[in-house]
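**Student:**
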Amino acid sequence: MVLSVQTSVPTEGSWAWLDDTAVHWRPKTYFTANTKVTVTATLYGLSLGNGAYGRQDLTVSFNIGRFSVLRDDTRTHRLVAYANGIKVADYPAGYGLDSDPHRVTHSGTHVVMAKYPVFFMTNLKYDYRNVEARWAVRISDSGELTHSAPWSIHQQGRTNVSHGCINLSPAAAKAVFDAVLPGDPVEITGSSPQLGAADGDYYDRAIQWDAWVIKSALHD
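Each step along the sequence shown adds one to the number in the working numbering, with nothing skipped, and position 164 is 376.
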């Protein structure tokens, strides 16, 4: 099997085996805006085990588009949005309750995974079920989202009281929802717990570059 990634803009990157069944490729730094990426996997005839073989080779191309990043600081209680390197918005925000290790928002570079105009949240441990959250943006598989939280507006920008989500005013949540796309990075700093494998499949940038490269089968 041969896996390859080609980019229209010179981009340093590396594969990494995250476990025995999953290999990811990522650039050392963020992709340059408007980069075209082509991923090729030569799978035809490849033994996949248990008598299964690859039916065909695969090629997928996509465009990166504009560059956008959200930068959150749980200590200053602010969410700052950047577009193509320019600061475009600065919102008061609230993060996970610092005194509860099960509620603290994890630091690290998250990724926009999905967007929901309306999302219903349930956590029986904390005795809430089907709480409606509007303009929700999922950033991990451990329950972290940005969303409208009108019930905590007076705490936003001042203190952290959530169950791990990023609380915003309705207007700010709508603006973030409209601006971001799946794949956009969300950088969170200020808290002790770090994003990792327990938070799902989107933790690639939680791994330092030197450690990432070592996970490649091409590493010397």
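From the three backbone atoms N, C-alpha and C, an ideal C-beta is built for every residue, glycine too.
Pick from L393, Q218, W227 and W229: whose alpha carbon is nearest that of V249?
**Tutor:** The count along the sequence shown starts at 1 and reaches residue 249 at position 37. Checked all of L393, Q218, W227 and W229; the closest Cα to V249 is Q218.
**Student:** Would you mind stating whether G308 and T317 have Cβ atoms separated by less than 7 Å?
**Tutor:** What you label residue 308 is simply residue 96 of the sequence shown in a count that begins at 1. What you label residue 317 is simply residue 105 of the sequence shown in a count that begins at 1. Yes, the pair counts as a contact, with Cβ atoms nearer than the cut-off.
**Student:** Does the pairing of the segment 405 to 415 with the segment 364 to 380 give three or more beta-carbon distances under 8 Å?
**Tutor:** Contact between the segment 405 to 415 and the segment 364 to 380 is absent, because fewer than three Cβ pairs lie under 8 Å.
**Student:** Hey, how far is the Cα of T271 from the Cα of S226?
**Tutor:** The residue labelled residue 271 in the question sits at position 59 within the sequence shown. The residue labelled residue 226 in the question sits at position 14 within the sequence shown. Cα to Cα, the separation comes out at about 18 Å.
**Student:** Beta carbon of G412, beta carbon of T286: below 7 Å?
**Tutor:** By 1-based counting over the sequence shown, the position of residue 412 is 200. By 1-based counting over the sequence shown, the position of residue 286 is 74. No; because the gap between Cβ atoms is not below 7 Å, this pair is not in contact.
**Student:** Quick check for students: name the residue ranges of the beta strand (DSSP E) that lie wholly in the segment 236 to 267, counting only runs of 3 or more.
**Tutor:** The qualifying runs are 248 to 254 and 259 to 261.
**Student:** Between the alpha carbons of E399 and K299, how many angstroms are there, rounded?
**Tutor:** Along the sequence shown, one-based indexing puts residue 399 at 187. Along the sequence shown, one-based indexing puts residue 299 at 87. If I take the Cα positions, the gap works out to 14 Å.
**Student:** Would you identify the three-state DSSP class for K337, choosing helix, strand or coil?
**Tutor:** Counted from its first residue, the sequence shown places residue 337 at position 125. Of the three classes helix, strand and coil, the one that applies to K337 here is helix, per DSSP.
**Student:** Apart from the five residues just before and just after S216, which ones in its own chain have a Cβ nearer than 7 Å to its Cβ?
**Tutor:** In the sequence shown, the residue the question calls residue 216 occupies position 4. T252, listed in sequence order.
**Student:** Would you check if there are 3 or more beta carbon pairs closer than 8 Å linking the segment 422 to 430 to the segment 323 to 343?
**Tutor:** The segment 422 to 430 vs the segment 323 to 343: no contact.
**Student:** Expressed to the nearest angstrom, what Euclidean distance is found between the alpha-carbon atoms of A264 and I426?
**Tutor:** To locate residue 264, count along the sequence shown from 1; it is residue 52. To locate residue 426, count along the sequence shown from 1; it is residue 214. Going from the Cα of A264 to the Cα of I426 covers about 30 Å.
**Student:** Is H359 closer than 7 Å to A348 when the C-beta atoms are compared?
**Tutor:** The sequence position of residue 348 within the sequence shown is 136, counting from 1. The sequence position of residue 359 within the sequence shown is 147, counting from 1. Yes, Cβ-Cβ distance for A348 and H359 is below 7 Å.
**Student:** Excluding the 5 residues flanking A361 on each side, which residues of the same chain have their C-beta closer than 6 Å to its C-beta?
**Tutor:** As a first step, residue 361 must be located in the sequence shown, where it is residue number 149. Taken in chain order, the residues that qualify are N379.
**Student:** Reducing DSSP to helix, strand and coil, say where R417 ends up.
**Tutor:** Walking along the sequence shown from the start, residue 417 turns up at place 205. Here R417 sits in helix by DSSP.
**Student:** How would you write the range of the beta strand (DSSP E) that V214 sits in, first residue to last?
**Tutor:** Indexing the sequence shown from 1 puts residue 214 at position 2. Element bounds for V214: V214 to T219.
**Student:** Which two residues bound the contiguous alpha helix (DSSP H) that contains F389?
**Tutor:** Translated into positions along the sequence shown, residue 389 becomes position 177. Run containing F389: P382 to A391, per the alpha helix (DSSP H) assignment.
**Student:** In the DSSP assignment, what residue or residues form a beta bridge with G225?
**Tutor:** The residue given as residue 225 occupies position 13 in the sequence shown. BP columns for G225 point to P239.
**Student:** Give the straight-line distance between the Cα atoms of G277 and T247, rounded to the nearest whole angstrom.
**Tutor:** Position 65 of the sequence shown, counted from the start, is the residue given in the question as residue 277. Position 35 of the sequence shown, counted from the start, is the residue given in the question as residue 247. Those two C-alpha atoms are separated by around 7 Å.
**Student:** Would you kindly check if the distance between the Cβ of T321 and the Cβ of R417 is under 7 Å?
**Tutor:** Within the sequence shown, residue 417 is the residue found at index 205, counting from 1. Within the sequence shown, residue 321 is the residue found at index 109, counting from 1. Yes.
**Student:** Which class does P362 belong to by DSSP, given the choice of helix, strand or coil?
**Tutor:** Residue mapping note: residue 362 aligns to position 150 of the sequence shown, counting from 1. Looking at P362 - three-state DSSP - the assignment turns out to be helix.
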